[in-house]
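The listed protein sequences correspond, in order, to chains A, B, C and D. Counting from 1, one number per residue, gives the positions in the first sequence under the working numbering. Counting from 1001, one number per residue, gives the positions in the second sequence under the working numbering. Counting from 2001, one number per residue, gives the positions in the third sequence under the working numbering. Counting from 3001, one number per residue, gives the positions in the fourth sequence under the working numbering.
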Amino acid sequence: MDFTPTEDRRLLAETLDRFLADRYPFQHRLAVAYREPWHDPAAWGALCGLGILSALVPEARGGFGGQGFDIATVFESLGRALCPEPVLPALMALRALMPTGRALDDVLDGSRQVALALFEGDGGIGFGQIATRAERRGGGWVLSGRKAVIYGGHVAAELLVAARHDDTLGLFSVSAGDARRLAYGMIDGGGAAEILLEATPAELMIADAEAVLGDALEAGALALCAEAVGAMDRAIEMTTEYLRTRRQFGRPIGSFQALQHRLVDLAIEREQARSITIAAAAALGTEGQSRAVSMAKALVGGAARRIAEEAIQMHGGIGMTWEAAIGHYAKRLVMLDHQLGDADAHLDRLAAAYCGG
Amino acid sequence: MDFTPTEDRRLLAETLDRFLADRYPFQHRLAVAYREPWHDPAAWGALCGLGILSALVPEARGGFGGQGFDIATVFESLGRALCPEPVLPALMALRALMPTGRALDDVLDGSRQVALALFEGDGGIGFGQIATRAERRGGGWVLSGRKAVIYGGHVAAELLVAARHDDTLGLFSVSAGDARRLAYGMIDGGGAAEILLEATPAELMIADAEAVLGDALEAGALALCAEAVGAMDRAIEMTTEYLRTRRQFGRPIGSFQALQHRLVDLAIEREQARSITIAAAAALGTEGQSRAVSMAKALVGGAARRIAEEAIQMHGGIGMTWEAAIGHYAKRLVMLDHQLGDADAHLDRLAAAYCGG
Amino acid sequence: MDLRLTAQEEAFRAEVRAFLRDHLPDRLARKVRAGESLSKAEMEEWHAILNARGWLAAGWPREWGGPGWSAVERYIFEEECARAHAPRVVPFGVSMLGPVLIAFGTEAQKRHWLPRILNGQDWWCQGYSEPGAGSDLASLRTRAVREDGHYLVNGQKTWTTLAQHANMMFALVRTRFEGKPQEGISFLLIDMTSPGVERRPIRTIDGGQEINEVFLTDVRVPVENRVGEENQGWTIAKYLLGHERTNIAGMGFVIAAFEELRALMGRMRRDGRPLIAHPRFAARLAAIECELEALKITNLRMLSGHGGQSLAVPAMLKIRATVLRQQIDSLARQALGPAAAPFPGEGPRDNLALVPPEAARAAAIYFNNRKLSIFGGSNEIQRNIVAQDMLGRL
Amino acid sequence: MDLRLTAQEEAFRAEVRAFLRDHLPDRLARKVRAGESLSKAEMEEWHAILNARGWLAAGWPREWGGPGWSAVERYIFEEECARAHAPRVVPFGVSMLGPVLIAFGTEAQKRHWLPRILNGQDWWCQGYSEPGAGSDLASLRTRAVREDGHYLVNGQKTWTTLAQHANMMFALVRTRFEGKPQEGISFLLIDMTSPGVERRPIRTIDGGQEINEVFLTDVRVPVENRVGEENQGWTIAKYLLGHERTNIAGMGFVIAAFEELRALMGRMRRDGRPLIAHPRFAARLAAIECELEALKITNLRMLSGHGGQSLAVPAMLKIRATVLRQQIDSLARQALGPAAAPFPGEGPRDNLALVPPEAARAAAIYFNNRKLSIFGGSNEIQRNIVAQDMLGRL
């Protein structure tokens, strides 16, 4: 057992942290995260140049990482900086493309953005509610249906779409230009899109994609957990600093025991979130992946919300203002739970296993 | 709208409080509640002499009360004194007997104790799990089955047993001497029993008793809520007093803000518990009875447990000792939730109504 | 003990309901229901409708143009308005300054200012908080120095809700600089159009712009615009804290939010079934409903004077009501699942997923309402008040 | 980063498991599983079994008879023991006094006392708390006045766990009465058979009798029974607080309790189905399991030194582990429904309802384990420690 990060990952984290501190200070983040295209294309190119995507892919597929701890390292850095670049959609697309023969160079270098179009408005994470249909037409396929909340869909050139053909869930590639796309910004920064497919031409990538889609979902959920841990670290740091310096009634508010004890509870929640994320990272690629990721996403969802709410509360009015960073960290921490299955959805999955398995 | 208690009920509460303060000080309660017969037969007689049971029954049936607020008044007093006398079983039996022709005098004067034998080990409050069967034999009936956790069953001369005949749930009377009875004391004081029926002779009281049993259950649940409110009042009083007087680190521990804020949260929970109990008392006998009682029992169950746990915690080591009253109040507050449907059971009933009704 | 409304109260409820049916514009109700901000004109429109009926200043005595309602009638009115999605009456003039003037104002002040509140001539905002004095009002630093017939006011106020619309501000200012800090505060009425008044909007995390900073530089305020005696401002502030009990819990709005949540949970789907058909979600809703039902009674008990007159009573109500509202908002946000993400106003809302339009702002409302436990005396301050009431000075 | 056990560690786990299978008497395991109290003889029996294998003092170095295990090996040992329902090693001699003697004792003290801990000649109890000094050890009042070659000790200790079995007590006593209160405390080894020692059992709310008051009246303690320098007792107490990290969370016992709970929820029925088949209950169990899984890692991270060496680390672990254990106990109690009521030991247990015998004490265990967040430094004290670490002196 060893909790020391490898030298490579330590360097990766350092590089990313330094780059983001330099290129993505909070004011910059504020300027780009809430305005179309809801990220900074130049920074995106630079991040890909640093190899942020290659770290998410194994050597055999042209990267230099791809393990759970690589994903965790990258996303913890992104979380600390509250970075809205569409790395999550790239990760999920890469996980889906990895088992195919498709060359990944243009994805890894950032020049071709790909997003995964999975769910359709039902809040659950089961694939049973996916109704988009694929039909053969001519020598190829056409897709019809509506995909909701596609992360990164606002900038993707290519969409990987889950659709049913006969009784099987397949994965298809659609050129973004061929679909009707409704792009929008998100309340916690960054962009997404919804797409409408009406006999839209598509290329079949994976005929039976259920397992691959499950893996992409779980890798994404792990990434969100790591991002949350990074954001929690900063939120607790900022709150601690605020309690140390803000004075009311003639003393620092951090000297009030009621706030002290609540701060401690947040720190404990954060340590638990970090631990369960480590467990999920370690389990990625093993038979325990699904269970470990659901455990992590379930625990992190609740912890992130409690930390967010308390961080705002302890900042008082300041925490409600757009200008202060803490409110934006809080929003991200709350809204993370809405992505790729909330705590309830993952608890349900774990609960079902008690009886099923 | 009027929140003033009637003069009659104010007097009843005063009388009971005075009697219990006199006859049931904490040391006496400690001496009788945990030793067979797990109550004080002399005090029982005196309480009945004061009309404690008559207050639970309307004039038409020989009492002088019987409304929700009468039940609440009586049980709030009992809760304040942490009194283990078997008033709850008497209430439930009386509610079940009220629609029958049976004279109630011997029950009301305390000379004949009657208990209701309802559930059989399943933790739910639905009657669907009741499996005890009634069969005709000769001119009468015999019952076979096993009844679990009969409150007051340890001292009852007569048991009112819910049993199925054909497809109907009926109510039967069994002489306690005819059944095999396993009496025991409870962890929070007071007694109960389990009974085994093996072709035990019985008299049919009500052929279709489903509605009557539901009413008895709900009247009992309301009584428990009121008892909880009384016990909460005392637990919070004792805790407040302890915080005011106990010194650590050179000052009263009540001056520590973390404890102050937690105490306030308990006071708020107590007010909420009192309010929902008032709502349930007001609804007794109306079409809103089931819903209001389930709301009360659900809210009170959680509030009582949190108050109990925090009261012990804030008392520190003292709260763990048998000699201090607070631990016994805490036990009663926690174990109340185990009686007549816990918070989960009642929430489930409310939740089912969202879809069903 | 009798929880039923009297026949008279039931008739009153019917009268309010009929009035709302006939006079509340749909246009406004739709916006309120969806949690959208109203324009100044829309708020003024609703005030004028209520004033025409004599119902604007629910808490004022008849003498000054109020309806002379009992506490229960006021509660019924508030609940019906919220259920009908009527706009909230802007409280600063009607619910805050009005009662203060009635209790502490001179005859001339009452005659001048009270009618102007009713007929909408003045739009008031509240100048209490300062950057260095959020919860700790005693430490406020805005100074008013008396010169001839006026005060010269310098300082900064913040968290000033709707100050962008206001032409008048009532403010706590420091008029004495020695002695106990609470004893050197006065209550002034400041003309926002005076030279030296500058306001700057504060954007909130949900993207809204309802609060402001107000900078006061050598602002001249006539001495006759002081309410009460000089240095009596703390007494007035405390009076106000204890006075406005009917509405402290905002029960009507909590009830309306709950009803919206219940409808939303019947509509949003998870794993192919409405959320309300999932036992876990339904039980969560039921637990909230239990607290809500209890809080209604707690509120009415307090209104009826059962609960004592200490400041602990409104403090407890405020804590529980704000937390409950926040729990409801949080469940509504959760109910939307991934569809909660879009930033309201960005992108083509009407084309987005399966979200009922009245719920599209659920996440924004959740974030905005984190303020409920912070502003107007944070819940920490409220807990301090209750604790002192329970424990006494230790 | 690698969470897998090494091959060596896996082999060690197998060895421990085999040992437990072969040497842990069923009789003891059954009592432990049901949460029943063990007799003195039973605890001594288990100590002797462990000592015969050289595994009794898991944290001691080889030199003094310990097995010389790594932190991970100690964790594995503890977890396996708990899963097998082995009795808990009585910590006072082995885990508390032993390390103190090894760090602060004279050569003679070590040679005399350490072997007696291992072979069971001495049964130790801990004399820290006093009626007026529960969480606030600095204010303790038991006084030891030096006379010739001994201290004369007067005072009262309380919450002394298992003192009824003990022949020896290590205690903090006041040896200086001026200056900072922390700087006047010494660490003494007191012979419980001395004249002037009197113990009185304290019954706990669950009916158990494991804790005691100990009265000390003119008790003579030889000066050579002082560990460390005079007035150095506070340093020793703090050392001990930071030292015993492996077991602070009692992870093995939490894991074992969780496994019992899961089994119980598969067995207890509600509305005709096992509790675990109800989505709400199953999700509650799952949420606990997530916290437990996280806490395992948190514990191991701390053991591996990732988390710093401050006292905040064991304090956070203690808070989370005790609360988690209490949540598990509470769910087990709830799972029993009405069947949780019987007072253990009263009435014919084997005839009572459908409760598996190993769960019959669930309510009593729940009540007894409320102590976990109180004794050994209450969770409030632990939060103070962490807060000071995070915020510094303010």
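For every residue, glycine included, the Cβ atom is placed at its ideal position computed from N, Cα and C. Since the model is a prediction, treat every value here as computed from it, not as a measurement.
request  = Determine which residues of the stretch 135-167 of chain A have a Cβ less than 7 angstroms from any Cβ of chain C, and write them out in chain order.
outcome  = Hits within the stretch, in order: 148, 149.
query = Which residues share a DSSP beta bridge with residue 3156(D)?
reply = Bridge partners of residue 3156(D) according to DSSP: 3215(D).
key: Top-ranked residue by Cα proximity to residue 2146(C), from 2225(C), 2079(C), 2364(C), 2114(C)   = Comparing Cα positions, the closest option is 2225(C).
query = Would you call residue 1168(B) buried or exposed, if buried means 16 or more other Cβ atoms sit within 10 Å of its Cβ?
reply = Under a 10 Å Cβ-count criterion, residue 1168(B) is classified as exposed, with fewer than 16 other Cβ atoms of the shown protein chains found around its own Cβ.
request  = Let me know the secondary structure DSSP gives residue 1057(B) once reduced to three states.
outcome  = Coil.
task = Return the chain-ordered ranges of every alpha helix (DSSP H) run that is complete within the stretch 3035-3087 of chain D and spans a minimum of 4 residues.
result = Whole alpha helix (DSSP H) segments, 4+ residues: 3040-3053, 3071-3083.
task = Pull up the CB-CB distance for residue 1094(B) and residue 1047(B), whole angstroms please, since I reckon it's below 8 angstroms.
result = The Cβ separation is near 14 angstroms, so there is no contact.
request  = Measure the C-alpha to C-alpha separation of residue 2455(C) and residue 3220(D) and round it to an integer number of angstroms.
outcome  = Nothing can be reported for residue 2455(C): it is not among the residues displayed for chain C, which extend from 2001 to 2394.
inquiry  = Using only CA atoms, which one of 323(A), 300(A), 315(A) lies nearest to residue 344(A)?
reply    = Of 323(A), 300(A), 315(A), the residue nearest in Cα terms is 300(A).
query = Under a CB-based cut-off of 7 angstroms, is residue 1244(B) close to chain C?
reply = Residue 1244(B) belongs to the set of residues whose beta carbon lies under 7 angstroms from a beta carbon in chain C.
key: Residue from 3210(D), 3368(D), 3340(D), 3202(D) whose Cα sits closest to the Cα of residue 3356(D)   = When only C-alpha atoms are compared, the closest one is 3340(D).
query = What residue from 1157(B), 1201(B), 1163(B), 1204(B) has the CA that sits closest to residue 1183(B)'s CA?
reply = Residue 1183(B) has its Cα closest to that of 1157(B), out of 1157(B), 1201(B), 1163(B), 1204(B).
inquiry  = Once DSSP output is grouped into helix, strand and coil, what is the label at residue 337(A)?
reply    = Three-state result, residue 337(A): helix.
ask   = Between 3103(D), 3256(D), 3302(D), which lies nearest to residue 3289(D) when the distance is taken from Cα to Cα?
value = That would be 3256(D), whose Cα lies nearest to the Cα of residue 3289(D).
request  = Using a Cβ-Cβ cut-off of 7 angstroms, state whether residue 1256(B) counts as contacting chain A.
outcome  = Contact with chain A is found for residue 1256(B), since one of that chain's Cβ atoms lies less than 7 angstroms from the residue's Cβ.
query = Given 8 angstroms as the limit, is there contact between the stretch 52-68 of chain A and the stretch 269-286 of chain A, that is, 3 or more CB pairs closer than that?
reply = These segments touch.
Beta-bridge pairing of residue 3130(D) - partner residues as DSSP gives them = For residue 3130(D), which the question treats as bridged, DSSP gives the partners 3133(D).
task = Taking 8 angstroms as the threshold, find out whether the stretch 225-244 of chain A comes into contact with the stretch 306-317 of chain A through three or more Cβ pairs.
result = Here the stretch 225-244 of chain A makes contact with the stretch 306-317 of chain A; the two share three or more CB pairs at distances below 8 angstroms.
inquiry  = I'd like the span of the beta strand (DSSP E) that includes residue 1354(B), first residue to last.
reply    = According to the DSSP assignment, residue 1354(B) belongs to no beta strand (DSSP E) but to the alpha helix (DSSP H) extending over 1343-1356.
query = Can you give the Cα-Cα distance for residue 247(A) and residue 3394(D), rounded to whole angstroms?
reply = Here the C-alpha atom of residue 247(A) lies approximately 11 angstroms from the C-alpha atom of residue 3394(D).
key: Identity of the residue in 1198(B), 1079(B), 1127(B), 1014(B) nearest residue 1118(B) by Cα   = Of the residues 1198(B), 1079(B), 1127(B), 1014(B), the one whose Cα lies closest to the Cα of residue 1118(B) is 1127(B).
Span separating the alpha-carbon of residue 73(A) from that of residue 219(A) = Rounded to whole angstroms, residue 73(A) to residue 219(A) spans 13 angstroms at the Cα level.
query = In chain C, which residues lie with their C-beta within 8 angstroms of the C-beta of residue 3280(D)?
reply = What residue 3280(D) touches in chain C: 2279, 2280, 2283.
ask   = Thinking C-alpha only, which one of 2127(C), 2099(C), 2128(C) is nearest residue 2115(C)?
value = The alpha carbon of residue 2115(C) has as its nearest neighbour, out of 2127(C), 2099(C), 2128(C), the alpha carbon of 2099(C).
ask   = Going by the CB atoms, is the gap between residue 3214(D) and residue 3160(D) shorter than 7 angstroms?
value = Contact check for residue 3160(D) against residue 3214(D) passes: the beta carbons are separated by less than 7 angstroms.
task = Using only alpha-carbon positions, find the residue among 3372(D), 3359(D), 3302(D) that is nearest to residue 4(A).
result = Minimum Cα distance to residue 4(A) is reached at 3302(D).
query = Under the DSSP definition of a beta bridge, which residues are partnered with residue 3002(D)?
reply = Paired residue(s): 2(A).
message = Spatial neighbours of residue 1962(C) within its chain, please: C-beta separation below 7 angstroms, excluding the five flanking residues on both sides.
response = For chain C, the structure presents residues 2001 to 2394; residue 1962(C) sits outside this window and is missing.
message = Determine whether the beta carbon atoms of residue 236(A) and residue 262(A) lie at a separation below 7 angstroms.
response = Inclusion of residue 236(A) and residue 262(A) in the CB contact set at 7 angstroms is not warranted, their separation being larger than that value.
query = How would you list, in chain order, the residues of chain A whose beta-carbon sits under 9 angstroms from the beta-carbon of residue 2169(C)?
reply = By Cβ distance, chain A contributes nothing, its closest Cβ being about 18 angstroms from residue 2169(C), past 9 angstroms.
query = What separation, rounded to the nearest whole angstrom, lies between the Cα atoms of residue 55(A) and residue 328(A)?
reply = Rounded to whole angstroms, residue 55(A) to residue 328(A) spans 27 angstroms at the Cα level.
query = Does the ligand NAD have a heavy atom nearer than 6 angstroms to the CB of residue 271(A)?
reply = The ligand NAD is absent from the structure shown, which contains no ligand whatsoever.
ask   = Is residue 1083(B) helix, strand or coil when you go by DSSP?
value = DSSP places residue 1083(B) outside both helix and strand once states are collapsed to three, so it counts as coil.
query = Any residues in the stretch 3319-3344 of chain D with a beta carbon nearer than 7 angstroms to a beta carbon of chain A? Which ones, in chain order?
reply = The residues in question are 3319, 3320.
inquiry  = Check whether chain C comes within 7 angstroms of residue 1354(B), counting only Cβ atoms and requiring the distance to be less than that.
reply    = With 7 angstroms as the cut-off, residue 1354(B) counts as an interface residue toward chain C.
request  = Kindly indicate the opening and closing residues of the beta strand (DSSP E) around residue 3318(D).
outcome  = No beta strand (DSSP E) holds residue 3318(D); the alpha helix (DSSP H) holding it covers 3312-3336.
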